[in-house]
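**Q** No gaps in the numbering here: position 167 of the sequence shown is 168 in the numbering used here, and each next residue is one more.
Cβ coordinates follow ideal geometry from the N, Cα and C atoms, glycine included.
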Amino acid sequence: MSFRNRLSFFFILLVILPVLAVALVGILIVRDSEVGKTEAGLEQAKTAAAGLYRESRERAETVARSVAEDEQLAVAVRDRDRAALQDRLEDLARRGGAVRVRLSLAGGQTVEAGGGDAVAPAVTRIVDADGRPAGQMRLSVTTARDYAAVLGSVTGLEVLLTQEDRVLAGTLAAEAEEVGGLPRQGAAELGGERYRVTAVDTTGFDDSTFRVRLLEPEDELDAAISDNTLFIVLILVAFLICALVFALTAARSLQAQIARLLTGARSIGAGDFSVKVPVEGNDDFAALGNEFNSMGRQLEGRLEDLQLERARLRENVRRVGESIGKGLDREALLRIVVRTAVDGVGAECGRAVMRRGSNGTFAEAARAGDVAPYMAAVQAAENAALHAGEAAETTISGATALARPLLAPEPEAGVLGVVSIARQETPFSQSERELFEYLTNQVVISIENADLHETIQRQAFTDELTGLFNHRRFQEVMAAEVERTRRFGQELGLIMLDIDDFKLVNDTYGHLQGDHVLREVAHALRECSREIDEPARYGGEEMAVALPQTGLQGAYEFAERARQCIEGLQIGLLDGAGTLRVTASFGAASLPHSARVDKDALVAAADAALYRAKRTGKNRTVKAE
Numbered sequence: 002m003s004f005r006n007r008l009s010f011f012f013i014l015l016v017i018l019p020v021l022a023v024a025l026v027g028i029l030i031v032r033d034s035e036v037g038k039t040e041a042g043l044e045q046a047k048t049a050a051a052g053l054y055r056e057s058r059e060r061a062e063t064v065a066r067s068v069a070e071d072e073q074l075a076v077a078v079r080d081r082d083r084a085a086l087q088d089r090l091e092d093l094a095r096r097g098g099a100v101r102v103r104l105s106l107a108g109g110q111t112v113e114a115g116g117g118d119a120v121a122p123a124v125t126r127i128v129d130a131d132g133r134p135a136g137q138m139r140l141s142v143t144t145a146r147d148y149a150a151v152l153g154s155v156t157g158l159e160v161l162l163t164q165e166d167r168v169l170a171g172t173l174a175a176e177a178e179e180v181g182g183l184p185r186q187g188a189a190e191l192g193g194e195r196y197r198v199t200a201v202d203t204t205g206f207d208d209s210t211f212r213v214r215l216l217e218p219e220d221e222l223d224a225a226i227s228d229n230t231l232f233i234v235l236i237l238v239a240f241l242i243c244a245l246v247f248a249l250t251a252a253r254s255l256q257a258q259i260a261r262l263l264t265g266a267r268s269i270g271a272g273d274f275s276v277k278v279p280v281e282g283n284d285d286f287a288a289l290g291n292e293f294n295s296m297g298r299q300l301e302g303r304l305e306d307l308q309l310e311r312a313r314l315r316e317n318v319r320r321v322g323e324s325i326g327k328g329l330d331r332e333a334l335l336r337i338v339v340r341t342a343v344d345g346v347g348a349e350c351g352r353a354v355m356r357r358g359s360n361g362t363f364a365e366a367a368r369a370g371d372v373a374p375y376m377a378a379v380q381a382a383e384n385a386a387l388h389a390g391e392a393a394e395t396t397i398s399g400a401t402a403l404a405r406p407l408l409a410p411e412p413e414a415g416v417l418g419v420v421s422i423a424r425q426e427t428p429f430s431q432s433e434r435e436l437f438e439y440l441t442n443q444v445v446i447s448i449e450n451a452d453l454h455e456t457i458q459r460q461a462f463t464d465e466l467t468g469l470f471n472h473r474r475f476q477e478v479m480a481a482e483v484e485r486t487r488r489f490g491q492e493l494g495l496i497m498l499d500i501d502d503f504k505l506v507n508d509t510y511g512h513l514q515g516d517h518v519l520r521e522v523a524h525a526l527r528e529c530s531r532e533i534d535e536p537a538r539y540g541g542e543e544m545a546v547a548l549p550q551t552g553l554q555g556a557y558e559f560a561e562r563a564r565q566c567i568e569g570l571q572i573g574l575l576d577g578a579g580t581l582r583v584t585a586s587f588g589a590a591s592l593p594h595s596a597r598v599d600k601d602a603l604v605a606a607a608d609a610a611l612y613r614a615k616r617t618g619k620n621r622t623v624k625a626e
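1. In the DSSP assignment, find the beta strand (DSSP E) that holds L216 and state where it starts and stops.
2. Give me the DSSP bridge partner(s) of S591.
3. Determine, using beta-carbon pairs with one atom in the stretch 51-71 and one in the stretch 130-148, whether at least three such pairs fall under 8 angstroms.
4. Out of G468, L603, G555, state which residue places its alpha-carbon closest to the alpha-carbon of A537.
5. Apart from the five residues on each side of it in sequence, which residues of its chain come closer than 6 angstroms, Cβ to Cβ, to E568?
6. For A614, report the span of its alpha helix (DSSP H) as first-last.
7. Extract the residue ranges of the alpha helix (DSSP H) inside the stretch 162-208, only unbroken runs of 4 or more that lie entirely within it.
8. Where do the ends of the alpha helix (DSSP H) carrying A510 lie?
9. Please check the pair L140 and A75, which I expect to be a contact at CB under 8 angstroms, by giving their CB distance rounded to whole angstroms.
10. Under DSSP, the alpha helix (DSSP H) around I337 begins and ends at which residues?
11. Would you mind stating whether F240 and V20 have Cβ atoms separated by less than 8 angstroms?
12. Compute the Euclidean distance between the alpha carbons of Y510 and Y612, then round it to the nearest angstrom.
13. Using only alpha-carbon positions, find the residue among V416, V112, T63 that is nearest to A85.
14. Is there contact here, the stretch 125-142 with the stretch 77-92, by at least three beta-carbon pairs under 8 angstroms?
15. Output the distance between the C-alpha atoms of I572 and S586, rounded to the nearest integer angstrom.
16. Mind checking D608: buried by the 16 CB within 10 Å criterion, or exposed?
17. Between the alpha carbons of R485 and A400, how many angstroms are there, rounded?
18. Looking only at its chain, what residues have a beta carbon closer than 8 angstroms to the beta carbon of A596, apart from the 5 residues adjacent to it on each side?
19. Which stretch, first to last residue, makes up the beta strand (DSSP E) that contains E394?
20. Going by DSSP in three states, D285 sits in which element: helix, strand or coil?
21. Is DSSP giving G328 helix, strand or coil here?
22. For G108, collect the residues of the same chain with a Cβ closer than 6 angstroms to its Cβ; drop the 5 residues on either side in sequence, then sort them by chain order.
23. Specify the secondary structure class of F437 as computed by DSSP and reduced to three states.
24. Taking only three categories from DSSP, how would you classify F232?
25. Tell me the rounded alpha-carbon separation between K466 and E477.
26. Could you give the distance in angstroms between the alpha-carbon of T210 and the alpha-carbon of G187?
27. Which value, in whole angstroms, describes the spacing of the CA atoms of Q299 and G345?
28. In terms of residue numbering, what span does the beta strand (DSSP E) encompassing F363 cover?
29. Kindly indicate the opening and closing residues of the beta strand (DSSP E) around R356.
30. Let me confirm a value: V68 is counted as buried when at least 16 other C-beta atoms fall within 10 Å, else exposed. Which label applies?
31. Who are the near neighbours of A560 in its chain, counting only those whose CB is closer than 6 angstroms to its CB and skipping five residues on each side?
32. Looking at the unbroken alpha helix (DSSP H) that takes in G555, where does it start and where does it end?
33. Return the chain-ordered list of same chain residues with a C-beta closer than 7 angstroms to the C-beta of R425, the five sequence neighbours on each side being excluded.
34. Could you give the distance in angstroms between the alpha-carbon of I233 and the alpha-carbon of S34?
35. For the alpha helix (DSSP H) containing S154, list its first residue and its last residue.
Given below as structure tokens:
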């Protein structure tokens with residue numbers, strides 16, 4: 002874009018667009034102001050309608066009291082003389098100016114004078130000539146037509162009185178179908194004319210609700226809006242003309258000075274830092290030329306340094322990536338990869354979230370830098386990456402975040418977690434994205450290696466049938482616990498157990514049923530153990546539990562709980578024909594009570610106690626002597 006075009010663009014951006022915005026706002030303000038005036042007038046008209054209604058009802062109350070106090074009417078009420086009541090009621094209504102009167106007597110008798118659509122009724126009680134309550138009287142002195150005419154005269158607006166789908170009266174000729182479509186408030190069209198409408202509900206003669214609609218033609222409103230809009234537009238056009246003349250003059254002056262710098266600047270931009278920009282005078286453009294020349298000299302020297310530094314950085318990142326791929330500590334490698342990714346691409350923060358537990362929820366596992374200011378962008382990028390199954394980049398409120406899911410090698414395993422980085426404003430380049438993806442790939446490889454390592458370790462130390470520690474692991478645990486006892490003077494308990502008559506189970510039900518019994522007993526043993534206890538399969542149907550920080554009495558009590566738990570098992574037969582119950586004998590020993598501080602001596606003491614339990618009747622616990 003040329004300099005002239007840039008100036009034109011800035012003129013449009015800084016002058017024309019704000020002026021247009023001001024014009025739009027001004028027009029909207031004018032319109033809203035005029036509409037507001039109209040709405041205020043309609044609200045005043047509603048107040049006038051309510052006041053006129055109250056005035057009509059007060060006049061009706063005055064007439065109603067006069068009629069109710071008439072002695073002849075009271076005599077006719079007492080005598081229940083319908084003809085006399087009718088004549089007297091019509092005479093009183095005519096003299097009082099009532100347009101409609103209804104007398105409702107106790108017992109259901111009703112006498113009415115006048116008729117039509119009356120509004121603003123007054124209601125008063127009637128007593129007969131003996132002073133006894135006899136009923137009530139409803140009286141109105143105002144017809145709907147009179148009310149509409151007076152209200153229209155007072156407010157200067159058009160008036161329509163409607164009741165459900167019927168037009169009672171009004172200053173406009175309107176059909177019920179047209180009036181039924183009118184809104185309660187706002188703009189509407191009636192008979193080909195546009196109006197601003199407001200409405201107020203009030204009570205008719207029979208306590209039924211009728212609606213008073215007040216309508217103001219929009220012609221005057223449109224004319225006022227048009228006049229004010231034209232005035233605003235003329236002022237802004239004059240301002241734009243003055244601004245345009247000034248902008249053209251400034252553009253020509255600046256373009257002449259920029260032309261002298263353009264050739265030299267293009268050469269520097271092409272990479273020829275030896276070219277000197279011509280400099281004339283002492284103004285800001287001369288200072289700009291001098292800075293260009295200085296920049297060229299510095300860039301030429303620093304470009305080579307930058308290329309060398311970039312090569313070193315890539316080599317370091319490559320080595321870090323290889324180290325990550327070989328790592329077996331998940332938490333440590335996640336911290337390393339997040340920090341390396343943040344430093345390698347110039348981000349300001351990053352984090353890794355991993356899937357935890359069986360419910361598949363994600364939890365933060367590693368963090369580098371302060372993620373809180375970028376959390377909205379980071380979470381959006383993580384959600385997008387999880388949804389797409391690939392790297393995703395988002396920008397929110399000036400913060401740019403890049404996230405990539407860690408996909409398990411086996412498709413059925415799904416997503417292991419997400420690694421994300423973020424920084425302010427600057428999007429990530431293609432090379433930065435490639436580096437980030439390389440590092441996250443190394444994390445997946447390392448996690449796979451760690452899982453494999455854990456699986457191998459677990460298989461090396463675990464008995465495949467029962468899930469307890471195997472004999473080798475038991476010996477290692479015992480050696481470590483005995484050494485801890487020797488060093489710190491702590492107690493160490495040990496129980497040995499043997500399933501009673503296990504050979505009979507195998508001979509009677511088969512070896513598969515025997516394996517099932519071993520699994521159930523091992524499960525019961527784990528349920529009875531503490532977190533620090535070490536249950537193991539010692540061999541065959543014999544099992545053992547190392548009890549750190551436990552004396553002989555504690556080991557005995559633990560053995561009794563486990564024995565009772567095993568005794569209470571109901572083990573289902575594999576053929577579904579019922580259940581099987583087994584018992585176990587226990588031997589309990591401890592250091593230093595039962596033996597010298599020696600692993601083999603402790604095992605021998607517990608084993609001897611176990612076989613004493615076998616010889617003395619089985620299904621019991623015996624302490625080592």
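**A** With the structure as the only source:
1. 210-218
2. G494
3. yes
4. G468
5. T584
6. 600-616
7. 177-181
8. In the sequence as displayed, the identity of residue 510 is Tyr instead of Ala. Element bounds for Y510: 503-510.
9. Actually they do not touch by this definition, with Cβ atoms about 16 angstroms apart.
10. 331-346
11. yes
12. 25 angstroms
13. V112
14. yes
15. 18 angstroms
16. buried
17. 54 angstroms
18. A590, A602, L603, A605, A606, A625
19. 393-397
20. helix
21. Only weak support exists for where G328 lies, its pLDDT of 49 falling under 50; the coordinates are left without a value.
22. none
23. helix
24. helix
25. The residue you asked about is not Lys; residue 466 is Leu in the sequence shown. One C-alpha to the other measures close to 20 angstroms.
26. 21 angstroms
27. 25 angstroms
28. 362-369
29. 350-357
30. buried
31. I496, F587, A589, T622
32. 553-568
33. A small correction: the amino acid at residue 425 is Gln; Arg does not occupy that position in the sequence shown. Excluding positions up to five away in sequence, the list reads E349, G399, A400.
34. 14 angstroms
35. 145-156
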